[in-house]
Every structure is written in C-alpha cells, then in structure tokens.
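Written below as structure tokens is the structure these notes are about.
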Amino acid sequence: MRASGILMPISSIPSDYGIGCFDKYAYEFVDNLSKAKQKYWQILPLGPTGYGDSPYQSFSTYAGNPYYISLSDLIEEGILTEEECSAIDFGDNDSYVDYEKIFNGRFKILRKAYERSNISSDVEFKNFKEKNEYWLSDYSLYMAVKDSFDGQEWIKWPEDIRLRENSAIEKYRNELHSDIEFYEFMQYKFWTQWYKLKGYANEKGVEIVGDIPIYVAFDSADTWANPSLFQLDKDNKPIAVAGCPPDGFSATGQLWGNPLYNWEYHKSTNYEWWVKRIEYCYFAYDVVRIDHFRGFDEYYSIPYGAETAVNGHWEKGPSMDLFNTISSRLGEKEIIAEDLGYLTDSVRQLVKDSGYPGMKVFEFAFDSRDSSGANDYLPHNYDSNCVVYTGTHDNETLMGWLKSIQPEERDMLVKYINTTHTEDKDIVLDCIYTVMSSVAKMCIIPIQDWLALDNSARINTPSTLGDNWKWRLNKNQFTAELVEKIAEVTAIYGR
Numbered sequence: 024m025r026a027s028g029i030l031m032p033i034s035s036i037p038s039d040y041g042i043g044c045f046d047k048y049a050y051e052f053v054d055n056l057s058k059a060k061q062k063y064w065q066i067l068p069l070g071p072t073g074y075g076d077s078p079y080q081s082f083s084t085y086a087g088n089p090y091y092i093s094l095s096d097l098i099e100e101g102i103l104t105e106e107e108c109s110a111i112d113f114g115d116n117d118s119y120v121d122y123e124k125i126f127n128g129r130f131k132i133l134r135k136a137y138e139r140s141n142i143s144s145d146v147e148f149k150n151f152k153e154k155n156e157y158w159l160s161d162y163s164l165y166m167a168v169k170d171s172f173d174g175q176e177w178i179k180w181p182e183d184i185r186l187r188e189n190s191a192i193e194k195y196r197n198e199l200h201s202d203i204e205f206y207e208f209m210q211y212k213f214w215t216q217w218y219k220l221k222g223y224a225n226e227k228g229v230e231i232v233g234d235i236p237i238y239v240a241f242d243s244a245d246t247w248a249n250p251s252l253f254q255l256d257k258d259n260k261p262i263a264v265a266g267c268p269p270d271g272f273s274a275t276g277q278l279w280g281n282p283l284y285n286w287e288y289h290k291s292t293n294y295e296w297w298v299k300r301i302e303y304c305y306f307a308y309d310v311v312r313i314d315h316f317r318g319f320d321e322y323y324s325i326p327y328g329a330e331t332a333v334n335g336h337w338e339k340g341p342s343m344d345l346f347n348t349i350s351s352r353l354g355e356k357e358i359i360a361e362d363l364g365y366l367t368d369s370v371r372q373l374v375k376d377s378g379y380p381g382m383k384v385f386e387f388a389f390d391s392r393d394s395s396g397a398n399d400y401l402p403h404n405y406d407s408n409c410v411v412y413t414g415t416h417d418n419e420t421l422m423g424w425l426k427s428i429q430p431e432e433r434d435m436l437v438k439y440i441n442t443t444h445t446e447d448k449d450i451v452l453d454c455i456y457t458v459m460s461s462v463a464k465m466c467i468i469p470i471q472d473w474l475a476l477d478n479s480a481r482i483n484t485p486s487t488l489g490d491n492w493k494w495r496l497n498k499n500q501f502t503a504e505l506v507e508k509i510a511e512v513t514a515i516y517g518r
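The sequence shown finishes on residue 518 if you use our numbering, and the numbering steps up by one all the way, no holes.
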C-alpha cells in the first residue's frame with residue numbers, strides 16, 4: 024500500500040517551554056498530519072541526551088528524554104503551577120532550542136513536581152516499575168550515581184561502583200534513594216504521556232516511525248550494566264570503538280566512539296538483548312528504522328584511544344542470523360533498513376535477504392560526476408520496496424541543497440523533474456511531487472521541505488557540534504493552507 028508521512032523530531036514541536044514535548048501542540052501536530060492525509064510521523068530517537076545533545080548518543084536505549092515531559096500536564100495534575108513554569112528561563116527564541124537553559128531549568132521544575140507527587144504510593148507507578156524493572160532499575164541508579172559525581176562518565180567512577188560490586192550497588196541504592204526514585208518518576212511520566220500521544224495518533228490513522236541507533240553510547244546505563252555485551256577489557260574499558268573509514272567527505276573518517284558489540288556473546292545468548300530491545304521498540308513505535316544497517320553485515324573497528332578513524336579495519340557482523348532470530352521470536356515486524364553510504368555487495372544482499380525496505384534520498388541522486396542515469400537514488404531506478412526521502416535529518420533542507428549544488432547539478436535536476444520553474448521555492452515543490460509520484464511504497468518528507476525553509480532550519484550537520492538538533496517549528500507555520508496542499512498532493516499520487 025502506498026503511503027506518505029512527515030519527518031519531524033519531538034524537540035521541534037512548538038511549545039511554551041523552550042522545547043517540543045507531549046503537550047497540546049503535539050496533539051495539534053497529529054491533527055494536522057491526519058487532515059493532510061499522512062499515514063506516518065517519523066521521529067528521531069526518544070532517549071535522554073547528554074553532551075552534544077544528540078539523540079543518537081543517549082544515556083539509555085530504553086529511557087525517554089525528560090525534556091519531552093509535558094509541564095502543562097503536570098500543572099493540570101496540580102503538582103506544578105503555571106507561575107512556577109513561566110518563571111523559568113527556557114530560552115527566548117521560538118525557532119531554536121537553548122539546550123543549556125533547558126538543562127538548567129527542566130530538571131529543577133521536574134524535581135519540584137516529583138517532591139509534591141507522593142509518587143511512592145501510586146499503584147500505577149508501582150506497576151510501571153515492576154513491568155520495566157529489567158532496564159529501569161539500572162538506568163535510574165546509573166543516573167543518580169552519575170549526578171552524585173557531577174556528571175562524570177562511569178569509567179571515571181570509583182572502582183567499586185564502576186565494576187558494579189554488590190556492596191557498592193547496595194550502598195548507593197540506600198544513599199541515593201530519593202534521587203533514584205526521581206529518575207523513575209520522570210520515566211513514568213514520560214512513558215505515560217508518550218503512550219497517550221501515540222494512542223491518539225493511531226486513532227487518527229497516523230503511525231509512528233521510530234528510530235534506533237545501531238550502537239549505544241559508551242557513557243550509558245546499557246554499557247555500564249551489561250559489559251559482557253560489548254568488546255571491553257577486564258577493567259571494562261573498550262578494546263575497540265565504532266566509526267566510519269576515511270572517504271570523500273572526511274580524510275580521517277568518523278570516530279564515533281561507541282563500544283562495539285561482542286557478537287559471539289550475543290549469539291551464545293540467542294541474541295536475547297537484541298530481541299528484548301526490538302520488542303520494546305514495538306511498544307513505543309509502529310515502524311522502526313534501524314540506523315547504520317550495514318554494521319550488521321560488517322562493522323568498522325577502531326582501536327580504543329585512536330585520535331582518528333584512519334587505522335580501523337572491518338570485522339564481520341551477525342548478518343541474517345540476528346534477524347532470523349528476531350523474526351522467529353517476535354514475528355514479522357515493520358523495519359526500515361538505513362542502508363545509506365558506501366554499500367558492498369554483501370550489504371545489498373543482507374538488505375535483500377531481510378526483506379526490509381531500504382532508503383532512497385533524493386538529494387543524493389544528482390552527482391555531476393555521473394550522468395549515466397544509473398544512480399540508485401534517481402526515482403526511475405527504485406523498486407517499490409523502499410522508503411524515499413527528499414532528505415533526512417542529516418541532510419541539508421531541499422532549499423539549502425538547491426542553493427549549494429553545482430550549476431551543472433542544478434541543470435541535471437531541472438531536466439530530470441522536467442520543470443519550467445526558476446524560483447527555488449517552486450522547484451522544491453516540484454522535487455516533492457517527483458518523490459511522491461515514485462513507486463516507493465513509503466515517502467517521507469521533512470516538514471522543513473514542505474515549508475521550503477533554508478539551511479537555518481537544518482536539524483543536523485554530521486561531524487559538527489554546537490548548532491545541531493535545535494530547530495523548532497513555529498506555532499503559525501503549519502497552516503491550514505499547507506495542510507490542504509499536502510492533502511491534495513497526497514491524493515494526486517495515491518498515497
């Protein structure tokens with residue numbers, strides 16, 4: 024079945040308190056998606072973020088980001104007041120998130136709500152804790168201990184708690200009881216609010232496309248609590264870390280720094296951790312996009328301590344053994360394989376064997392070095408089992424891209440989409456028409472492209488720090504006129 028959707032992170036939803044969250048504006052966004060005849064809302068990972076504010080480097084693969092908890096809901100519950108929330112400086116720019124101010128203000132107000140909540144006696148809270156014990160216990164302890172050491176990553180903690188000695192675990196659980204419960208409280212509020220919003224979206228005919236990174240962060244509860252899952256030494260320090268080799272975009276490659284999986288150990292457990300992780304995703308989302316899918320075929324291993332990715336090498340991943348196990352345990356699930364970048368024959372075969380749709384990015388289709396028409400990203404080369412994007416969160420906006428490409432590439436584009444338009448805004452819309460008309464079974468358009476915004480609205484520029492993950496939609500931008508336009512285009516192309 025042909026369908027389409029819109030890509031927009033939760034953080035980009037308009038709000039009264041500095042960052043998008045699960046409040047009335049999120050519900051209004053869902054209403055607009057439904058009126059625009061969109062079946063999908065694709066978001067970015069929901070996990071709590073740390074240094075760099077990237078949702079792809081989270082303190083937990085299971086936990087939700089406390090920034091997204093609706094303060095308005097807590098006001099309605101009577102555990103916060105409007106005056107208290109309004110008194111906090113969350114930033115004064117409706118178009119961008121000020122993460123420093125969010126960090127300094129959000130936890131203070133949430134702590135106040137926790138202290139008034141009498142949460143310990145809440146039966147639903149107790150049920151939530153029991154149901155999620157397998158990750159919540161480690162995560163909440165991890166965060167409380169981390170706070171007690173001024174945010175230091177766990178590898179710098181005292182040896183007894185770093186290596187999770189039983190006496191140390193018991194000691195910190197007793198000493199930090201209220202701090203631990205505060206983190207449990209935030210997770211309870213996050214997931215209660217998220218499931219309510221997701222349920223509302225599903226009732227409106229909108230499915231959520233979630234996004235999970237292939238790797239977890241080294242500075243995370245996952246790595247600290249489960250060292251045997253990763254390539255760590257006897258002191259739980261990494262032996263090797265993840266990244267990408269040098270290429271045309273980076274002469275020294277990309278050094279991500281995530282711990283690599285000990286795939287032999289995972290296989291010996293019948294991939295129990297991965298099965299549990301994927302199973303959990305389908306409580307949170309309807310469809311799951313797995314980032315860096317090629318890492319399951321082969322992964323790039325860089326010696327720990329290296330300053331660049333130059334001296335890495337390729338290692339073999341679990342390939343179909345993992346996905347056969349997942350499907351045998353969980354049944355067939357809707358998964359999108361993020362298969363972008365340099366693809367070997369074995370990666371292509373893995374995507375084909377899995378049956379999962381891969382990704383096509385329209386912006387990658389017009390390379391002046393190749394005018395043969397054989398580029399995989401040109402729409403006439405798609406088969407139906409793929410998901411097409413004008414661009415992803417890592418790309419320029421279409422408008423920004425149009426301004427940055429070479430004149431000969433622009434000429435290729437104009438000829439390909441067969442347009443007589445000369446204004447960039449009109450050409451952006453022509454590009455959207457082109458991908459919507461393709462045979463791809465799913466078409467996802469970033470909201471910035473529907474709005475024809477330039478690169479000031481870009482979500483992320485890979486390998487940079489400081490200006491990423493900040494863009495926000497203004498309250499008056501998703502207009503009734505735009506909703507009607509999207510619905511019209513969707514109907515024309517049978518999506």
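From the three backbone atoms N, C-alpha and C, an ideal C-beta is built for every residue, glycine too.
Everything numeric in this text was worked out from a predicted model, so none of it was measured.
A straight line joining the alpha-carbon of Thr367 with that of Pro341 spans about 16 Å. Between Asn88 and Leu69 a beta carbon distance of about 6 Å is seen, short of the 8 Å cut, so the two are scored as contacting.
Taking C-beta separations shorter than 6 Å and ignoring five residues to either side along the sequence, the partners of Phe316 in its chain run Ala360, Glu361, Asp362, following chain order. In the same chain as Ser460, and ignoring 5 residues on each side of it, the C-beta atoms closer than 6 Å to its own belong to Tyr516, in chain order.
For the options Tyr308, Ser479, Gly114, Asn404, the alpha carbon positioned closest to that of Ile231 is the one of Tyr308.
For Leu94, the enclosing alpha helix (DSSP H) stretches over residues 94 to 100.
Collapsing the DSSP output to three states places Met343 in a helix. For a cut-off of 8 Å, the C-beta gap from Ala388 to Gln210 is around 42 Å, too long to register as a contact.
Here Ile192 has Leu164, Ile184 as same chain residues with Cβ atoms under 8 Å from its own Cβ, once five neighbours each way along the sequence are excluded. Separation of Pro78 and Lys212 (C-alpha to C-alpha, rounded to the nearest whole angstrom) is 19 Å. Here the segment 41 to 48 does not lie against the segment 58 to 67, with fewer than 3 beta-carbon pairs under 8 Å apart. Of all C-beta pairs linking the segment 233 to 244 to the segment 109 to 127, fewer than three are shorter than 8 Å, placing the two stretches out of contact. Straight through space, the alpha carbons of His289 and Trp296 are spaced by roughly 7 Å. Sequence-distant Cβ neighbours of Lys124 in its own chain, meaning closer than 7 Å and more than five residues away, are Gly41, Asp112, Phe113, Gly114.
Listed as beta-bridge partners of His336 by DSSP are Ser324. Judged by beta-carbon spacing, Ala463 lies beyond the 8 Å limit of Ser427, meaning their Cβ atoms are not closer than that value. A Cβ-Cβ separation of about 6 Å places Lys383 in contact with Tyr405 under the 8 Å criterion. When the Cα atoms are used, Glu105 and Arg129 turn out to be separated by approximately 14 Å.
Residue environment analysis places Arg518 among the buried positions, since at least 16 neighbouring C-beta atoms fall within 10 angstroms of its C-beta. Rounded to the nearest angstrom, the gap between the Cα atoms of Lys131 and Gln65 is 30 Å. The alpha-carbon of Pro181 is positioned some 38 Å away from that of Ala274. Measuring C-alpha to C-alpha distances from Tyr456 to each of Met31, Ala514, Phe241 identifies Ala514 as the nearest.
In summary, Val120 is buried, with 16 or more beta-carbon neighbours lying within 10 Å of its beta-carbon over all protein chains present. With respect to the C-alpha of Thr331, the residue from Trp279, Val374, Leu186, Asn347 having the closest C-alpha is Trp279. It is roughly 19 Å from the alpha-carbon of Val506 to the alpha-carbon of Ile450. Under the three-state reduction of DSSP output, Ile237 falls in the coil class, being neither helix nor strand.
Only exposed fits Arg139, as fewer than 16 other CB atoms lie within 10 angstroms of its CB. Here Trp492 carries a coil assignment [DSSP, helix/strand/coil]. Fewer than three pairs of CB atoms, one per stretch, sit closer than 8 Å, so the segment 140 to 159 makes no contact with the segment 196 to 203. With fewer than 16 other CB atoms across the displayed protein chains lying within 10 angstroms of its CB, Pro485 is exposed.
A check of alpha carbon separations from Leu474 across Ala510, Thr420, Pro430 identifies Thr420 as the nearest.
DSSP places Ile29 in no alpha helix (DSSP H) but in the uninterrupted beta strand (DSSP E) bounded by 26 to 30. With respect to the 8 Å criterion, Val298 and Cys304 are not classified as neighbours on the basis of their beta carbons. Within the segment 37 to 93, the complete alpha helix (DSSP H) segments at least 4 residues long are 47 to 58, listed from N- to C-terminus. If you draw a straight line from the Cα of Cys454 to the Cα of Gln254, it comes to about 44 Å. For the pair Asp256 and Gly174, the Cα-to-Cα distance works out to about 23 Å.
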